[in-house]
Amino acid sequence: IDAIEPPVRPENKPLRLPLQDVYKIGGIGTVPVGRVETGIIKAGMVVTFAPSNVTTEVKSVEMHHEQLVQGVPGDNVGFNVKNVSVKEIRRGNVASDSKNDPAKAAASFNAQVIILNHPGQISAGYAPVLDCHTAHIACKFAELIEKIDRRTGKTMEASPKFVKSGDACIAKLVPSKPMCV
Numbered sequence: 001i002d003a004i005e006p007p008v009r010p011e012n013k014p015l016r017l018p019l020q021d022v023y024k025i026g027g028i029g030t031v032p033v034g035r036v037e038t039g040i041i042k043a044g045m046v047v048t049f050a051p052s053n054v055t056t057e058v059k060s061v062e063m064h065h066e067q068l069v070q071g072v073p074g075d076n077v078g079f080n081v082k083n084v085s086v087k088e089i090r091r092g093n094v095a096s097d098s099k100n101d102p103a104k105a106a107a108s109f110n111a112q113v114i115i116l117n118h119p120g121q122i123s124a125g126y127a128p129v130l131d132c133h134t135a136h137i138a139c140k141f142a143e144l145i146e147k148i149d150r151r152t153g154k155t156m157e158a159s160p161k162f163v164k165s166g167d168a169c170i171a172k173l174v175p176s177k178p179m180c181v
């Protein structure tokens, strides 16, 4: 275990903190909870929750009931926010620094998809539920861009009509409701 290098913590990137849960704590208020993926969160910061479009100030940051000066990538933190009700933000929202490249909802996104075990064929129009960080949202295959070799990533077929179990592809996906990727 001593030989394992610790992962590089991307502190210098913009803050991205997908919410796992949101609690209402008596005497304190609304406390979103999640793991810092990139960037740093600290008291006094103004954060925006996307895709809810709620902006507020961070009052404090805690981990395991201990107040932190800042939360860094890998930390599971709870943070107290001003004037936000638990009804306004939810699991799947992403907190980001409102002044440094805030997170936005994606109208569509291209994804590398590997079909592991699926009966029949998948073609444009199919809309499975995807788990992306902590969000759980149906996304439609709008277009199959290319079929690729799952080991090398090289293009095997442009604009395939369908893909099936064992195939890998690049597909354009469209979320059924606003979602941050």
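The opening residue of the sequence shown carries number 1 in UniProt numbering; numbering runs sequentially from there. Ideal Cβ positions, reconstructed from N, Cα and C, are used throughout, including at glycine. Values in this document were obtained by computation on a predicted structure and should not be read as measured data.
Flag this pair as yes or no: are the beta carbons of A60 and N80 separated by less than 8 Å?
Against the sequence shown, residue 60 aligns to sequence position 60. Against the sequence shown, residue 80 aligns to sequence position 80. Just to set this straight, residue 60 is Ser in the shown sequence, not Ala. Going by C-beta atoms, S60 is nearer than 8 Å to N80.
Output needed for P14: all residues of its chain with C-beta closer than 7 Å, excluding positions within five of it in sequence on either side, in chain order.
Locating residue 14 in the sequence shown gives position 14, where the first residue counts as 1. T38, G39, S96, D97, N100 and D101.
Are the segment 112-121 and the segment 149-168 touching, with three or more C-beta to C-beta distances below 8 Å?
Touching, yes, given that three or more Cβ pairs across the two stretches are closer than 8 Å.
Does the count of Cβ pairs from the segment 50-59 and the segment 139-156 closer than 8 Å reach three?
With the cut-off at 8 Å, the segment 50-59 and the segment 139-156 do not touch.
Can you tell me where the beta strand (DSSP E) with F49 in it begins and where it stops?
On the sequence shown, position 49 is the one that residue 49 refers to. From DSSP, the beta strand (DSSP E) with F49 extends over V46 to A50.
Applying the 10 Å Cβ sphere with the 16-neighbour rule, what's the burial state of V58?
Within the sequence shown, the letter at position 58 stands for residue 58. V58 should be labelled buried.
Report the partner residues of L144 according to the DSSP bridge assignment.
For the purposes of this step, residue 144 is taken as residue 144 along the sequence shown, with counting starting at 1. Paired residues: A171.
Going straight from the alpha carbon of I148 to that of V174, what length do you get?
For the purposes of this step, residue 148 is identified with residue 148 of the sequence shown, where counting begins at 1. For the purposes of this step, residue 174 is identified with residue 174 of the sequence shown, where counting begins at 1. If you take the alpha carbons of I148 and V174, they lie about 20 Å apart.
Can you tell me the Cα-Cα spacing of Q70 and V46, whole angstroms?
Here residue 70 corresponds to residue number 70 of the sequence shown, with the count starting at 1. Here residue 46 corresponds to residue number 46 of the sequence shown, with the count starting at 1. So the alpha carbons of these two residues sit roughly 14 Å apart.
What span of residues does the beta strand (DSSP E) with V84 cover, start to end?
For the purposes of this step, residue 84 is taken as residue 84 along the sequence shown, with counting starting at 1. It is not in any beta strand (DSSP E) - V84 carries neither H nor E in the DSSP assignment.
Spatial neighbours of Y23 within its chain, please: C-beta separation below 6 Å, excluding the five flanking residues on both sides.
Translated into the one-based positions of the sequence shown, residue 23 becomes position 23. Contacts found: V31.
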